[in-house]
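**Q** Those protein sequences? They're chains E and D, same order as listed. Heads up: take any position in the first sequence, counting from 1, add 25, and you land on our numbering. Heads up: take any position in the second sequence, counting from 1, add 154, and you land on our numbering. If you scroll down you'll find the structure; I have some questions about it.
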Amino acid sequence: MSTTSSTRLAVIPSGQRRRARKRSGDLPLGEGRSPILTIVIWVCAAYFLLPLFWLLISSTKDNSGLFSSFGLWFDDEFHLWANLVDLFTTRDGVFLRWISNTALYAVVAGLGSALLSAAAGYAFAKYDFPAKKFLFAVVLGAIMIPTTALAIPTYLLFAGAGLTNTVWAIILPSLVSPFGVYLMRVYAEESIPDTLLEAARLDGAGEFRIFWQIAMKIMVPGIVTVLLFAVVHTWNNYFLPLIMLTDPNLFPLTLGLAQLQAASEAGGGASAQFSTVITGSLVSILPLVVIFLYLQKYWTSGLTTGSVKE
Amino acid sequence: MLLFVTMLLLPLFYAGYLSLFTERLIGGASFAWFDNYARALTDERFIGGVLRMCLFLVIQVPIMLLLALLFALALDSMRVRGGKFARLAIFVPYAVPGVVATLMWGYLYGDNFGPIAQFMKAIGLGSPELLGPDNILGSIVNIVTWQFAGYNMVIMYSAMRSIPGDQYEAARIDGAGQFRIAWSIKIPAIRSSIVLCTIFSVIGAFQLFSEPKLLYEVAPNAIGSSFSPNLYAYNLAFTNQEVNYSAAVAFLLGLVIMIVSYVFQLSTARREKKGARA
Numbered sequence: 026m027s028t029t030s031s032t033r034l035a036v037i038p039s040g041q042r043r044r045a046r047k048r049s050g051d052l053p054l055g056e057g058r059s060p061i062l063t064i065v066i067w068v069c070a071a072y073f074l075l076p077l078f079w080l081l082i083s084s085t086k087d088n089s090g091l092f093s094s095f096g097l098w099f100d101d102e103f104h105l106w107a108n109l110v111d112l113f114t115t116r117d118g119v120f121l122r123w124i125s126n127t128a129l130y131a132v133v134a135g136l137g138s139a140l141l142s143a144a145a146g147y148a149f150a151k152y153d154f155p156a157k158k159f160l161f162a163v164v165l166g167a168i169m170i171p172t173t174a175l176a177i178p179t180y181l182l183f184a185g186a187g188l189t190n191t192v193w194a195i196i197l198p199s200l201v202s203p204f205g206v207y208l209m210r211v212y213a214e215e216s217i218p219d220t221l222l223e224a225a226r227l228d229g230a231g232e233f234r235i236f237w238q239i240a241m242k243i244m245v246p247g248i249v250t251v252l253l254f255a256v257v258h259t260w261n262n263y264f265l266p267l268i269m270l271t272d273p274n275l276f277p278l279t280l281g282l283a284q285l286q287a288a289s290e291a292g293g294g295a296s297a298q299f300s301t302v303i304t305g306s307l308v309s310i311l312p313l314v315v316i317f318l319y320l321q322k323y324w325t326s327g328l329t330t331g332s333v334k335e
Numbered sequence: 155m156l157l158f159v160t161m162l163l164l165p166l167f168y169a170g171y172l173s174l175f176t177e178r179l180i181g182g183a184s185f186a187w188f189d190n191y192a193r194a195l196t197d198e199r200f201i202g203g204v205l206r207m208c209l210f211l212v213i214q215v216p217i218m219l220l221l222a223l224l225f226a227l228a229l230d231s232m233r234v235r236g237g238k239f240a241r242l243a244i245f246v247p248y249a250v251p252g253v254v255a256t257l258m259w260g261y262l263y264g265d266n267f268g269p270i271a272q273f274m275k276a277i278g279l280g281s282p283e284l285l286g287p288d289n290i291l292g293s294i295v296n297i298v299t300w301q302f303a304g305y306n307m308v309i310m311y312s313a314m315r316s317i318p319g320d321q322y323e324a325a326r327i328d329g330a331g332q333f334r335i336a337w338s339i340k341i342p343a344i345r346s347s348i349v350l351c352t353i354f355s356v357i358g359a360f361q362l363f364s365e366p367k368l369l370y371e372v373a374p375n376a377i378g379s380s381f382s383p384n385l386y387a388y389n390l391a392f393t394n395q396e397v398n399y400s401a402a403v404a405f406l407l408g409l410v411i412m413i414v415s416y417v418f419q420l421s422t423a424r425r426e427k428k429g430a431r432a
């Protein structure tokens, strides 16, 4: 759609034409560290970490400890283990079920959408086919469409097909990722040289084999990025499962935690403990934080692909 | 090749089928033309929700993007000790599911055992009522900013990293300071990233759902059933069973979002053209 016109300036900045003007009042050109800047940034970083710190501290307290001790420091007693036991035994260990559901949804949807995006992006980048421009415009347009405007029609559609309250209700809609297609097209265009494809064709490789054995290998970093974001998206999704699922055995973590929280609020902590909700929250964010730290290289470079070159 | 086309067309047909389905749903069944739309456009609760979201994004999006830009500039200037760790710390909230973030901040804000209220009481002030009707919008602004500032920062930061180094050298030879470089080289260079971030943030802001939905449990008085248009559409469909009307509301919301982001893109494109001519 209209993204192309607004992004042409991406690589060549317009700053150059002003460089002739000199000013003397600016900062001296010291290359060293700036203590003030360091402090400011660290204070801000602390703000972003503080709620997580609170979560960690609070998960070591039991329900009464939460009320009686100051939120940002440990209570006298250490209840983390007991909380974990509580968490995993409440309602016959349904929490474990939620974790495995979430992992299943996230992995299947993530892999599926990364593969589909790679195939579609590759096709857009390297083949000519009828109505290509129109189709790509549709993809770009689809990025703009709010997922929730689609969610309720999707629900009705799935209800008609009898698919609500099944795993498919979560996985199928999550497979479609217009942004992934867009990202992969850019990536394929940049990273796969046409001459390589021609050479492979001359050697008698079929189109499918070229895609599977050559293109896919080159596109791995891009695919990992799309995979990562698809996994995060599915892992964190709340709206879709909320409308699709009613059976607690199919719930992902987000939905389950929200249900626990509602129960604890309604019962003032009687029917479900605040401490359980808090410990559950902590457990549910750990996998993603670990994945992000581990795959840092990919998401930073992948984001650059998407934002700089459009 | 055929395979790729079908793989590509699958999602597209899927989306196309859905859009048809919405239309049939509104036009068909009990054929009502655009009655649902007419009703939505005069529905105070829908309009109120849209206006509330406009207010929300006018406050939240600039704050978040400005913060993200400042972080990115600061980290890119290489003048922060431990900048790599700070970058991770600011980004980490993105990995926290919206549901968990809201639960957490809900507790932090809360009167029961929230440290903010505890602190205020300890120094002799009353509880700040962060979940009261007057403050709830600000509280949500804070949650969303906390979650996504780091994400936007990473996008801007990566864009800055790819600016060729010789431009800095040229600027330095001309005697430009850090601020001058940031203003005249870095910000114009990453303009497209900023535009992209803005559009995604606007789309995200309009779709606000989990935060009000979950805080509703904690603060039912401050958040009605139509706090955001999304929440309203959800409640219409699943509490009131007014499925057709709800679909119309969802569709209108989508339309509003597309118009807003399109207008925004047009205006930035025009400004760029002007800038190029000057």
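The beta-carbon is built from N, C-alpha and C at its ideal position, and this holds for glycine as well.
Report buried or exposed for Ala-156 (chain E), applying the criterion of at least 16 other Cβ atoms within 10 angstroms of its Cβ.
**A** It is exposed - the Cβ of Ala-156 (chain E) has fewer than 16 other Cβ atoms within 10 Å.
**Q** Could you check the C-alpha separation between Ala-387 (chain D) and Tyr-311 (chain D) for me, to the nearest Å?
**A** Straight-line Cα distance between these residues: approximately 37 angstroms.
**Q** Quick one: which chain E residues come within Cβ less than 7 angstroms of Arg-199 (chain D)?
**A** Within chain E, no residue comes near Arg-199 (chain D); the closest Cβ sits about 17 angstroms away, beyond 7 angstroms.
**Q** Please list the residues of the stretch 399 to 421 of chain D that have a C-beta atom closer than 8 angstroms to any C-beta atom in chain E, keeping them in chain order.
**A** So the list reads Ser-400, Ala-401, Ala-404, Phe-405, Leu-407, Gly-408, Ile-411, Met-412, Ser-415, Tyr-416, Gln-419, Leu-420, given in the order they occur along the chain.
**Q** On the three-pair Cβ rule with 8 angstroms, is the stretch 291 to 304 of chain D touching the stretch 212 to 221 of chain D?
**A** These segments touch.
**Q** Give a yes or no on contact between the stretch 399 to 410 of chain D and the stretch 371 to 391 of chain D, applying the rule of three or more CB pairs nearer than 8 angstroms.
**A** Output reads yes: the stretch 371 to 391 of chain D touches the stretch 399 to 410 of chain D.
**Q** So with CB distances below 7 angstroms, who are the chain D contacts of Ala-70 (chain E)?
**A** By Cβ distance, chain D contributes Ala-240, Ala-243, Ile-244.
**Q** Is any beta-carbon of chain E found at less than 8 angstroms from that of Phe-225 (chain D)?
**A** At least one chain E Cβ lies under 8 angstroms of Phe-225 (chain D).
**Q** Buried or exposed: Trp-193 (chain E), going by 16 or more other Cβ atoms within 10 Å of its Cβ?
**A** By the neighbour-count rule (16 or more Cβ atoms within 10 Å), Trp-193 (chain E) is not buried but exposed.
**Q** Would Arg-334 (chain D) and Arg-58 (chain E) qualify as a contact pair, given that the criterion is a beta-carbon distance under 8 angstroms?
**A** Their beta carbons are not under 8 angstroms apart, which means Arg-334 (chain D) does not touch Arg-58 (chain E) by this criterion.
**Q** Hey, how far is the Cα of Ile-64 (chain E) from the Cα of Gly-236 (chain D)?
**A** Each residue's Cα considered, the two are about 11 angstroms apart.
**Q** Hey, would you say the C-beta of Val-417 (chain D) is under 7 angstroms away from at least one heavy atom of the ligand MG?
**A** For the structure depicted, the ligand MG is absent and the ligand set is empty, with no information on it obtainable.
**Q** Since Thr-63 (chain E) meets chain D, which of its residues come closer than 7 angstroms, beta carbon to beta carbon?
**A** By Cβ distance, chain D contributes Val-234, Arg-235.
**Q** My output table needs one value for Asp-100 (chain E): the three-state DSSP class, helix, strand or coil.
**A** Asp-100 (chain E) falls in the coil class under three-state DSSP.
**Q** With Ile-244 (chain D) as the anchor, note down where its alpha helix (DSSP H) starts and where it stops.
**A** Its alpha helix (DSSP H) spans residues 237 to 245.
**Q** Using CA atoms only, rank isn't needed, just tell me which of E:Leu-112, E:Glu-102, E:Leu-141, E:Leu-275 is closest to Val-249 (chain E).
**A** Minimum Cα distance to Val-249 (chain E) is reached at E:Leu-141.
**Q** Does the beta-carbon of Pro-38 (chain E) have 16 or more other beta-carbons within 10 angstroms, so that it is buried, or is it exposed?
**A** Because Pro-38 (chain E) sits at a pLDDT of 32, beneath the cut-off of 50, its placement in the model cannot be relied upon, and the following sentence gives the value as read from the coordinates. So Pro-38 (chain E) ends up on the buried side.
**Q** Quick one: what's got a C-beta closer than 6 angstroms to Ser-309 (chain E)'s C-beta in the same chain, skipping five residues either side?
**A** So the qualifying residues of the chain are Leu-278.
**Q** What runs of the alpha helix (DSSP H), each 4 residues or longer, lie entirely inside the stretch 127 to 211 of chain E?
**A** Fully enclosed alpha helix (DSSP H) runs of 4 or longer: 157 to 169, 172 to 185, 193 to 200.
**Q** Which value, in whole angstroms, describes the spacing of the CA atoms of Val-163 (chain E) and Thr-189 (chain E)?
**A** Answer to the nearest angstrom: the Cα atoms are 27 angstroms apart.
**Q** Which residues in the same chain have their Cβ closer than 8 angstroms to the Cβ of Ile-124 (chain E), if we skip the five residues on either side of it in sequence?
**A** Closer than 8 angstroms at Cβ, skipping near neighbours: Leu-278, Val-308, Ser-309.
**Q** Could you tell me the distance, in whole angstroms, from the CA atom of Ala-423 (chain D) to the CA atom of Gly-203 (chain D)?
**A** Taking the straight line joining both Cα atoms gives about 29 angstroms.
**Q** Taking C-beta pairs closer than 9 angstroms, name the residues in chain D that Phe-264 (chain E) reaches, listed in chain order.
**A** Result: Gln-361, Phe-363, Ser-364, Lys-367, Asn-384, Tyr-388.
**Q** Quick one, which of D:Gln-332, D:Trp-300, D:Arg-345, D:Asp-288 has its alpha-carbon nearest Ser-316 (chain D)'s?
**A** Minimum Cα distance to Ser-316 (chain D) is reached at D:Arg-345.
**Q** With a threshold of 6 angstroms on Cβ separation, who are the neighbours of Ala-150 (chain E) within its own chain once the five nearest residues in sequence on each side are excluded?
**A** Cβ within range, chain order: Arg-210, Ala-213, Glu-214.
**Q** Do you know whose CA, among D:Val-349, D:Trp-259, D:Ala-243, lies nearest Phe-418 (chain D)'s CA?
**A** Checked all of D:Val-349, D:Trp-259, D:Ala-243; the closest Cα to Phe-418 (chain D) is D:Val-349.
**Q** Flag Pro-247 (chain D) as yes if its beta-carbon sits less than 8 angstroms from any beta-carbon of chain E, otherwise no.
**A** Output row for Pro-247 (chain D): interface = yes.
**Q** Who are the neighbours of Val-372 (chain D) on chain E, taking C-beta pairs under 8 angstroms?
**A** What Val-372 (chain D) touches in chain E: Glu-290.
**Q** How far does the alpha helix (DSSP H) with Phe-392 (chain D) in it extend, from its first residue to its last?
**A** Start and end: 383 to 392.
**Q** Within this structure, are the beta carbons of Leu-270 (chain E) and Phe-276 (chain E) separated by less than 8 angstroms?
**A** It is a contact, given that the beta carbons lie within the stated cut-off.
**Q** Starting from Asp-230 (chain D), trace the alpha helix (DSSP H) in both directions and tell me its first and last residue.
**A** Looking at the DSSP string, the run of the alpha helix (DSSP H) that includes Asp-230 (chain D) is 198 to 230.
**Q** According to DSSP, is Asn-306 (chain D) part of a helix, a strand, or is it coil?
**A** Note: Asn-306 (chain D) maps to helix in three-state DSSP.
**Q** Is the Cβ of Gln-238 (chain E) closer than 8 angstroms to any Cβ of chain D?
**A** It does not: the Cβ of Gln-238 (chain E) has no partner Cβ on chain D nearer than 8 angstroms.
**Q** Taking just the CA atoms, how far does Leu-242 (chain D) sit from Arg-326 (chain D)?
**A** Cα-Cα distance, rounded: 30 angstroms.
**Q** Put Ile-217 (chain E) into one of helix, strand or coil per three-state DSSP.
**A** Three-state DSSP puts Ile-217 (chain E) in coil, outside helix and strand.
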